[in-house]
Structure formats: C-alpha cells, structure tokens
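Notes follow the structure.
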Amino acid sequence: MDELRDCVASGAAEGFHASHFPAGHSPTDFPRFLRCGEDWAAAYDVAYAPCFEPCVVLRIKDVPLYDERFAGYGMNKVSHLAAVARATGGLFTVVPGAFVVAEAHPRSEAWHRIYGEKTDSAKCRRLALKGLYRKFLQELKRGEGPTLGRFAAAQQRKLLEQEEQAEPGPSPKPKPNPKPNAKPALVINEKLVRALLEGLCGVNPELKEAAAAALTHFMLLTEQGAPQGEAQA
C-alpha cells in the first residue's frame with residue numbers, strides 16, 4: 001500500500017478513470033481507501049450510485065449474467081454492476097489493501113467506433129447505446145432478467161455445477177435454470193442495422209422512410225422478446 005500511495009501522490013496512478021469518469025468509482029472514496037492501509041478490520045460499506053462500476057468478488061451463484069445486448073464498448077460494466085446492486089441490496093464492502101492494477105493502453109477500435117468518430121453513424125450508435133441503457137434500467141426496475149442467449153445460459157450452468165462439486169454437502173443442490181422472464185438475445189444483421197441508422201440520420205435520405213418502418217418493427221420485436229433468429233435479416 002505504501003507503494004500505491006506513493007504512485008498516487010506522484011501522479012503515476014489514480015483511481016480507475018477517476019479523472020474523466022468519476023461516477024464510475026465515486027462511492028469507493030479513494031482517499032479513505034488509501035488511509036485504511038491493509039487493515040481488513042477497517043473495511044467499510046458504501047451504497048450503490050448510478051454508473052458505479054467497481055471490481056467485485058462474489059460467489060458464482062450470486063453473480064447476475066451480463067446482458068448480451070451490450071456488445072462491444074460502452075455501458076457493459078455499468079449495466080452489470082447495476083444488476084449486481086439490485087441482487088445484493090445495493091451495498092458494497094470496500095476491502096482495504098485489495099486492489100487491481102490496469103495498465104495504460106491505447107484506445108481500442110471498439111471505443112473509437114462509439115466515442116472516437118464524429119460521423120452521423122457514430123452519433124446514432126451513441127444514441128442507440130443510451131437508449132438501450134435506459135431500457136435496461138426500466139427492465140431491471142420491473143424485475144426482468146437479462147437478455148441472454150443459449151451460450152451464456154449454458155456457461156452459467158457449467159460454472160454452478162463446478163461450484164457445487166467443490167463444496168462438500170450432504171445432498172446435491174438442484175440445477176438452476178435461467179429465469180423464465182429472461183429474454184433470448186436477438187440475432188441482428190449488422191449491415192442492415194447500420195443501413196437503418198444511416199437512413200434515419202440522413203446519411204442516406206433515400207432509405208429514411210423504409211428505415212423508420214423497419215426500425216419500428218425491430219423495436220416492437222425487442223419489446224416483445226422475439227425468439228432467437230426471428231429478427232435475422
């Protein structure tokens with residue numbers, strides 16, 4: 001911890017994205033964390049706040065699945081931690097002396113595609129991401145499960161089985177199935193979606209009317225939880 005404090009004091013390290021996205025770790029209270037040293041008896045609880053995205057340690061069976069609609073860059077950790085907070089009552093325990101280090105690296109291609117471009121298509125992608133996040137929060141408030149595909153559900157069952165085998169017990173636990181209100185992930189043709197967005201944004205005015213109609217139909221499918229493959233192009 002002494003080395004970490006020295007790095008923070010010299011500017012060689014900071015809380016994750018603290019300088020340009022403070023909401024991501026604001027509840028952690030980094031100054032307090034650094035003061036605690038490595039005394040686990042000084043662990044303290046913090047309440048969840050919107051956009052909080054800490055690194056967490058949970059039992060496998062307590063971890064909500066990622067919503068598979070958040071593919072690529074943007075809002076995936078934020079949405080998942082919102083689901084974690086919902087499942088755990090909104091309290092997190094900060095453990096003194098426990099931290100991970102993320103080395104600085106260039107912006108990824110996925111980041112540039114969402115936030116680095118100044119094109120109309122990129123603006124549409126940012127708007128679509130914001131809209132998806134708002135929709136996700138509304139679903140979470142209603143108690144609906146994440147949108148996921150068969151792969152994620154199968155992986156969840158596999159991990160739970162591994163945990164059950166590692167834990168001694170008098171009798172095996174029943175294998176949990178995905179919640180009945182969990183919606184299947186839609187399979188979308190990326191080129192078609194891009195054409196629709198470009199049409200709506202005026203990049204290709206000739207597509208605007210058709211794109212609006214198709215996008216309306218697509219939004220209805222997502223609201224109704226269309227079966228996998230129904231929205232394929």
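For the sequence shown, position 88 matches number 88 in full-length UniProt numbering, and the numbering has no gaps at all.
Ideal Cβ placement from N, Cα and C applies to all residues, glycine included.
Less than 8 Å between the CB atoms is what I'm expecting for residue i and residue j, so what's the real figure, rounded?
| i | j | result |
| --- | --- | --- |
| Asp67 | Phe136 | 6 Å |
| Arg86 | Leu140 | 6 Å |
| Cys36 | Val100 | At roughly 17 Å, the Cβ-Cβ gap does not stay under 8 Å, so Cys36 and Val100 are not in contact. |
| Val94 | Pro64 | Incorrect: roughly 21 Å between the Cβ atoms, too far for contact. |
| Phe52 | Pro27 | 5 Å |
Using C-beta distances below 8 Å, list every residue in its chain close to residue i, excluding the 5 sequence neighbours before and after it, in chain order.
| i | result |
| --- | --- |
| Ile114 | Gly72, Tyr73, Gly74, Ala122, Arg125, Arg126 and Leu129 |
| Leu132 | Arg69, Phe70 and Met75 |
| Gly90 | Ala47 and Tyr48 |
| Ala102 | Phe16 |
| Glu109 | none |
| Val62 | A small correction: the amino acid at residue 62 is Asp; Val does not occupy that position in the sequence shown. Closer than 8 Å at the Cβ level, and outside the excluded window around Asp62, lie Ala87 and Thr88. |
For residue i, which residues from the same chain have a beta carbon less than 6 Å from its beta carbon, with the 5 sequence-adjacent residues on both sides left out?
| i | result |
| --- | --- |
| Pro178 | For Pro178, the predicted model reports a pLDDT of 48, less than 50, meaning its position is unreliable and no value from the coordinates is stated. |
| Asp39 | Pro96 |
| Phe16 | His25 |
| Arg5 | Leu34 |
| Trp111 | Tyr73 |
| residue 255 | Outside the displayed span of the chain (1 to 233) sits residue 255, for which this structure offers no information. |
| Ser10 | none |
| His20 | none |
With a threshold of 7 Å on Cβ separation, who are the neighbours of residue i within its own chain once the five nearest residues in sequence on each side are excluded?
| i | result |
| --- | --- |
| Val8 | Glu14 and Leu34 |
| Ile60 | Leu159, Leu160 and Glu163 |
| Lys143 | The displayed chain sequence assigns Gly, not Lys, to residue 143. Closer than 7 Å at the Cβ level, and outside the excluded window around Gly143, lies no residue. |
| Ala43 | Thr93, Val94, Val95 and Pro96 |
| Gln156 | Leu65 |
| Arg107 | Gly116 |
Name the one or two DSSP bridge partners that residue i has.
| i | result |
| --- | --- |
| Val46 | Phe92 |
Subject >> Whole alpha helix (DSSP H) elements within the segment 143 to 169, 4-residue minimum >> reply: For the segment 143 to 169, the continuous alpha helix (DSSP H) assignments of 4+ residues that do not extend past its boundaries occur at 150 to 166, in sequence order.
Subject >> At least three beta-carbon pairs within less than 8 Å, the segment 108 to 118 to the segment 76 to 83 >> reply: Short answer: they don't touch.
**OP:** Could you pull out every unbroken beta strand (DSSP E) segment of at least 3 residues lying fully inside the segment 11 to 64, listed in chain order?
**Re:** Whole beta strand (DSSP E) segments, 3+ residues: 44 to 47.
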